[in-house]
Structure formats: C-alpha cells, structure tokens
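Chains L and Z are the protein sequences, given in the same order.
Note that the working numbering has the first sequence beginning at 135, numbered continuously upward.
Note that the working numbering has the second sequence beginning at 8, numbered continuously upward.
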Amino acid sequence: MSLREANRRMRLRRTGTVSADARVRHYDELDEETQVVVRELAGRPRTAPETDDLDDGDVVKFTDYYQVRAR
Amino acid sequence: MSDSYVIIGDGIAGASAAETLREEAPDAEITVLTDEGESLYNRILIKEYAKGKLPEAPISIHQESWYEDHDVDLRLNTVVVDIDVENDAVRTHEGETFEYDSLLLAIGGTPQQLPVGNADADGIHHFWTFQDARKIKESVEGAEKAVIVGAGLLGIDFAAICGAQGVEAKYLMRGDCWWRYALSEEGAEIMHDAMRERGVEPVFDSGVDHFEVDDEGHVTAAVDPSGERYECDFAGVAIGLDFNTELVEDTPLETEDGIVVDEFMRTNVDNVFAAGDITTFNDLVLGERAKNGSWGSAKEQGTIAARNMIEHGSEAFEWVSSYSITHFDFPFLSFGHPTLGDDSVEATTAEGEWRRVALKDGKIVGGVLIGDLSPQSAFKQLMREGRDVSDQTDLLMEPGFAVDDLAATTEQQ
C-alpha cells in the first residue's frame, strides 16, 4: 500500500471508460463516511478531504463511473 | 500444534473470514474450499460486466497468488459432500478429508428456477456467479427481445443489462408494481419510468405459465397465465434463492431458511460457524432472527465469525445493512429490513425523490430512498440506537432531515 500524503483533497471526475488495471469500487463496498463524500462529489465540481477508503486513481461506480483524483 | 480452520465458500463472507483469521491468528492452518473455478471476485460488479460496462479484470479481488502469499490453502472446483461434526471433518467429492478445529460455512444459495414448463431451456438465465454473468453477456449481445421475471432487487439487474445492451424487454411482474413488498406504486413508478426510458416495459399482474422453445430447445417466448405470449431470444429469471442447507441436512445443525447462528455467528454446534447469505442470524438491531444478503453484511459476518472462531464471545454482529441500485441517473437505496415492520411512512420529497421508512413498535427497521440518499446515515443511526420515533414520523419525511431535528423536537416536548 502506498503512503498517503497528508491533507490531500479529492474530487470525482466522470469517466467513460474503465481500464483493465483500474481498481473499481462499487458504492455499496464503501464505508458510510466515504459514501457520504461520494454522494457530495459525484457530478459536482467540488473537493473534499481524502478518505481512507479510496485512493487516487480508483474508479467508483455510483450513478455513473467516477475516477478519484486526489491532490 | 497450531489451530486449523476450514472455510467452505470463497465469496466475500468466506474470504473476509480467511483474511481476518490470517491477520489475527498468524500461525493458524487455514483451508478454503470452493466449488467455483475461480477465487474471490466482486459479486456486486458482475452486473456491470454483463452490461458491457466493465472488463473482466477489475472484477477479480483475490488472485490465486493472494492465497499463496497469505499461506491459505485454496482448493478450487472442490465440492464438499459430507460434514461430520462428530469427528470435526469434511469430505470432498474426490474423497479427500479435511479435519478442523473450527469450521465456517459460507455456502450461500442457489437461484430458484421457475416451477413452470421449459424453465430449464437454453437461453433462460439465472444470475448469481461470474460464470452466469459471462453467459448472460454472451446471450444478451445476440438478442433483440427479452423477458424478465422477478420484481425484486436482482430482477432489476436483468432490466438494466437489457437496457444497456439495447435489448427490448418485457418485465413480467406478479403484482401492480416493482418490489411491491417495500415500495408503494408512487415510489415504484419512478423505477418503472427509468426502465421504460431504457426500453424495458413493466407488465403488471402477470407472470409465466410456461416457456415456449424451438426445435433446438432454445427459448422463444414466455406465456403468461392469461395466455398472453411474449416473444424473446433471452429470458432472465430472478425469483429468489434456495439456501444451500442440503449439505447440513444429516447433521445436528439447526436450520430455518438457512443455518441458524447466534450474534457471534456460531451455530448450535460449538466449533461450527456460518456467515453470509446462508445464515439466519440473531439480529441485535431488529431484536429477532433475520436474514440479509448484502455485500457489506456478508463481509462483516465473515470478519465477526473469524474473530469468534479464535475466541468465542469476542465480538457480536450488530449491523445495519444497505443495498443500492446504481443503474439509473438517480440513486436508489434500501436499508435495514424495508419489507418488515407494522407501520410505515412515505413521501415524495421533490420531483423524482421519494422515501419510505418502515417501523416496528415505533422504531425504524428499514426503508427505501430514491433520488435523495442524504438521510441514509441519520436513519441508520436511529436504527442502531433503537430510537422510538413513533410520535415524530412526519419529521422523517422532511427534506434535509437530520437526527438533531428529532432530538430538538424531543427536547421541546
């Protein structure tokens, strides 16, 4: 597992394709705190503090496919 | 000599138990037996594969190398034919015997077949395993018309698959709406509209009397009890699961629509545990025996079972489950036990947004949210707390509802 940088923020960007090497997480797999963040960020130009349950590059299946970008 | 643990089943319940045992009992001997030909995969995402939205690779969770790396003896394509709880041993179809100190049964269920003529015809699919998903994808890609049977959480996956693959489908339902045990017509109509937009037409008060097949035994139509005929190249049936209890029929293990376990996932035999879909468990939140088939619940049950296999009584299973449908451009979520209870409240909170909360003795036992999932955490918290909300149910239907709203009202009384 890669070390995380502190104080990063994440956003979700809608993605049309999912590569074979992507880690894909369904909404139902996420912990409750992360589910709240996904609902807040999906489809919106917002950021939130990075959660433990998602990593930069992960793809989340919610009402669409969203790629996690953490900076 | 180290303790030996045998786990039957490599779904999320069995696999999470194996992970927990390895973490918390580093010297233990762990064996996982599964009748499937592949190791743990993401059962929630196989519908996305069948829709043509995901490649195969991301569906896999544990490569076979994971088991080697964690010193877990994985046996694929291995059918357990006998469990001998008197002698702490299980036997496989190849005559191999595995002795154990503790046994975990994570043996799940098998999709039910419709009890009608030609229900086993070629082109009629049930949806449970990754292998099922591969066959469905192949079959639906060559289809123009489909019939779907089973107006519940699994049946709607077939509707989404047809919609995504451009297959015109008739969705035959016995009642007057989809998932009628948890939704009213008003809430269900939001789902019906979403299906129609994708070329899937709900047909109410219907069902299947029999299927018609061609000379090669491939399904060509479903005929409902009134004689209405629906042509199809493909049929998807999702009417429920038969739990795989036949394996324990000749044992003293208690069964009741599954294998009965306490809140520690232990059966009535001290060193035999169960987890996942197969369990009928003591639900501490609900206050009675319950079943749950969600991914999160199965994963947690596997973890809790493992901890109690190491030290019984160490941790109880106390969980509010949820299950979402993410096929449409709005979210749907059921939580707890939305089909139970002695009362309910429901409301349309905005256009395309609907919610229903099921209550038992004034306490929330489950519910459904469509469009707006924001009260999910609040409702789950109230369930966990066992809060009596009987005199404030109107507040539960307010947009933006939060637990504090309820507390403030309570304090004012």
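Positions of the beta carbon are idealized from the N, C-alpha and C atoms, including for glycine.
>> Considering only DSSP beta bridges, list what M144 (chain L) is partnered with.
In response: L:A182, L:A204
> Measuring CB to CB, does G309 (chain Z) end up less than 7 Å from H132 (chain Z)?
Replying inline: no
>> DSSP three-state label for A365 (chain Z), please.
In response: strand
> If you measure beta-carbon to beta-carbon, which residues of the region 169-183 of chain L are closer than 8 Å to chain Z?
Replying inline: Q169, V170, R173
> Can you list, in chain order, the residues of its chain whose CB lies under 6 Å from that of R82 (chain Z), leaving out five sequence neighbours each side?
Replying inline: L40
>> Rounded to the nearest angstrom, what separates I266 (chain Z) and N251 (chain Z) at their Cα positions?
In response: 9 Å
> Considering only the beta carbon of each residue, do L111 (chain Z) and F280 (chain Z) sit closer than 7 Å?
Replying inline: yes
> Quick one: is D412 (chain Z) near chain L, going by C-beta distance under 7 Å?
Replying inline: no
>> Counting beta carbon pairs with one atom in the region 323-330 of chain Z and one in the region 185-193 of chain L, are three or more of them shorter than 8 Å?
In response: no
> Along chain Z, in chain order, which residues have C-beta atoms closer than 9 Å to that of R157 (chain L)?
Replying inline: P65
> Skipping 5 residues on each side, what residues in its chain have a beta carbon closer than 8 Å to that of E223 (chain Z)?
Replying inline: D129
> According to DSSP, is L179 (chain Z) helix, strand or coil?
Replying inline: strand
>> So, under 8 Å CB-CB, R180 (chain L) and L380 (chain Z) are touching, yes? Tell me the CB distance rounded to an integer number of Å.
In response: The Cβ separation is near 16 Å, so there is no contact.
> If you measure beta-carbon to beta-carbon, which residues of the region 288-318 of chain Z are closer than 9 Å to chain L?
Replying inline: S301, W302, G303, K306
> Expressed to the nearest angstrom, what Euclidean distance is found between the alpha-carbon atoms of G21 (chain Z) and S233 (chain Z)?
Replying inline: 45 Å
>> Quick check on T333 (chain Z) - is its C-beta less than 7 Å from some C-beta in chain L?
In response: yes
>> According to DSSP, simplified to helix, strand and coil, what is A228 (chain Z)?
In response: strand
> Pairing CB atoms from the region 342-357 of chain Z with CB atoms from the region 306-325 of chain Z, are three or more of them under 8 Å?
Replying inline: no
> Within 10 angstroms of its Cβ, does V88 (chain Z) collect 16 or more other Cβ (buried), or is it exposed?
Replying inline: exposed
>> In the DSSP output, what is N289 (chain Z) paired with across the bridge?
In response: Z:R296
> Taking only beta-carbon atoms, is V152 (chain L) less than 7 Å away from chain Z?
Replying inline: yes
> How about I51 (chain Z): is its C-beta nearer than 7 Å to some C-beta of chain L?
Replying inline: yes
>> Assuming D249 (chain Z) is part of the beta strand (DSSP E), what are its boundary residues?
In response: 248-250
> Are there 16 or more other CB atoms within 10 angstroms of the CB of E235 (chain Z), so buried, or fewer, so exposed?
Replying inline: exposed
>> DSSP three-state label for E238 (chain Z), please.
In response: strand
>> Along the region 29-62 of chain Z, where does the CB come closer than 8 Å to a CB of chain L? Name the residues.
In response: N49, I51, L52, E55, K60, L61, P62
> Which whole-angstrom value is the C-beta distance of I317 (chain Z) and E31 (chain Z), which I expect to be below 8 Å?
Replying inline: 6 Å
> Using the rule of at least 16 other Cβ atoms within 10 Å of the residue's Cβ for burial, across every protein chain shown, is E163 (chain L) buried or exposed?
Replying inline: buried
> So what does DSSP say about T41 (chain Z), is it helix, strand or coil?
Replying inline: coil
> DSSP state of D398 (chain Z), grouped into three classes?
Replying inline: helix
>> Taking contact to mean 3 or more Cβ pairs, one atom from each stretch, closer than 8 Å, check whether the region 176-196 of chain Z and the region 87-105 of chain Z are in contact.
In response: no
>> Any contact between the region 254-264 of chain Z and the region 172-185 of chain Z? By contact I mean 3 or more CB pairs, one from each, below 8 Å.
In response: no
> In this structure, does DSSP put H199 (chain Z) in helix, strand or coil?
Replying inline: helix
> Grouping DSSP H, G and I as helix and E and B as strand, with all else coil, what is V193 (chain L)?
Replying inline: strand
>> Between the region 374-389 of chain Z and the region 350-361 of chain Z, can you find at least three pairs of beta-carbon atoms closer than 8 Å?
In response: yes
> Are any of the Cβ atoms in chain Z nearer than 7 Å to that of E166 (chain L)?
Replying inline: yes
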